[in-house]
Amino acid sequence: MTGVGSNTVAAAPPVLSERERLLAIEGAAVRAWPAGETRNVDGWLWRYSGGGSQRANSVSALHYRGSDVERTIDEIERLYGERGAPVRFQVGFPLSEPEDLDARLGARGYVIHDPVSTLVKPIEPVTMPADVVLTERPSEAWLKVYLSNISPDRRPFAEAILARVPAPCVFAEARRQGEAIATALGVLHESAVIAECVGTSGAARRQGAASAVMRALEAWGRSQGARTIGLQAVTTNLPAQRLYAALGYTAAGTYHYRFLEKGAR
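Heads up: the sequence shown is residues 34 to 298, going by our numbering.
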C-alpha cells in the first residue's frame, strides 16, 4: 500500500441507530458523487451536472423542510426546465421525505427507473491486500480501468465529477504485474464509508480483484474510525449482488429514480 493509509485506528464514533446509519451512508453517497451545481430547495438537494449519471442530475429527497410539497415539486421542475433537462427524483425507502413523495410523483406522471439496493456491513478488522494501492486522487491507470466500464458519452461527466470528490476519500487500485486491473473509490462521511466506482478490466474479471479493492476500502475506513461500509448496486445486477453478499453485505434500504421527460406535461 502506498500514498495514504495508516496502522493507527481512529477513535470510534458513537453507536448509531439503523436509520442514522443509513442516513450516514446516504450522506457519504452524496459527497462521493458531487454535482456541478446544487441548490437547497425546501431541504431537498437539487443537483445538476449537464449530463452523465442520474444521481448527479437528480433531487436527493431527504430532510424535507417545506410546507407545500406540490409547490416545491413545481420549483424543482422549473429549475430543471430552465436548463432544458429532464426532471429526476431519487426516492429512497425508508428515508425520503415526505413519506408519500413517491405516490405524489407517480400521480404527476413520473415513471420509475433503475431500482437500486443500498447494501451495508459493519466494518471489521481486515488485512490490507498486498496488491492494492491507495491514493488520494485517481491515477491515469485508475481512470482508464474505471472509464472503460461506462459508456463513452458519460465519461467526460464522470471525470469532472471525480475531480470534485472531497476529502476524506481514497482511490483503491488493484494491480497485477504492475498493471491496474480493478478500481474503487471510498468516501467517508460521519461514521460511514461509501464504496463507489467498483470496476474491473475485462481480462481480470472473476479473479478476485473487485473483492480485493473492497477489502482495501474496509481497511481504510477502519483506520478512519468508520463503523459501517456501504454501497449502492442496481437490483437487477445479479453478479454484483452475489459478489457483495459473499463479502457480507446485506440490504438496508432501496431507492429508485422517478423520471419526467422534457415536455411530458
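Where is the CB? At the ideal position from N, CA and C, for every residue including glycine.
Given the structure is predicted, the values throughout are model-derived calculations rather than measurements.
For leucine 221, DSSP records a beta bridge to Val226.
Excluding sequence positions up to five before and after threonine 71, its CB lies within less than 7 Å of the CB of Leu78, Trp79 and Arg80, all in the same chain and listed in chain order.
In the three-state DSSP reduction, isoleucine 194 falls in the helix class (H, G or I). Between glutamine 257 and proline 201, the C-beta spacing is below 8 Å.
Less than 8 Å divides the Cβ of arginine 88 from the Cβ of glutamine 123.
Using a Cβ-Cβ distance cut-off of 8 Å, the segment 234-248 and the segment 159-172 are in contact, since at least three pairs of beta carbons, one from each stretch, lie closer than that value. For glutamine 265, the uninterrupted beta strand (DSSP E) run begins and ends at 261-267, by DSSP.
Annotation for aspartate 147: Gln87, Val267, His289 and Tyr290 place their beta carbon closer than 8 Å to its own, counting only its chain and skipping 5 residues before and after.
Per the coordinates, the alpha-carbon of glycine 232 lies some 10 Å from the alpha-carbon of alanine 273. Judged by DSSP in its simplified three-state form, proline 155 adopts strand. As computed with DSSP, arginine 291 is found in a beta bridge with Phe122 and Ile145. Under the Cβ criterion (8 Å, minimum of three pairs), the segment 213-229 counts as touching the segment 49-65.
Judged by their CB atoms, proline 119 and glutamate 229 are not nearer to each other than the 8 Å cut-off.
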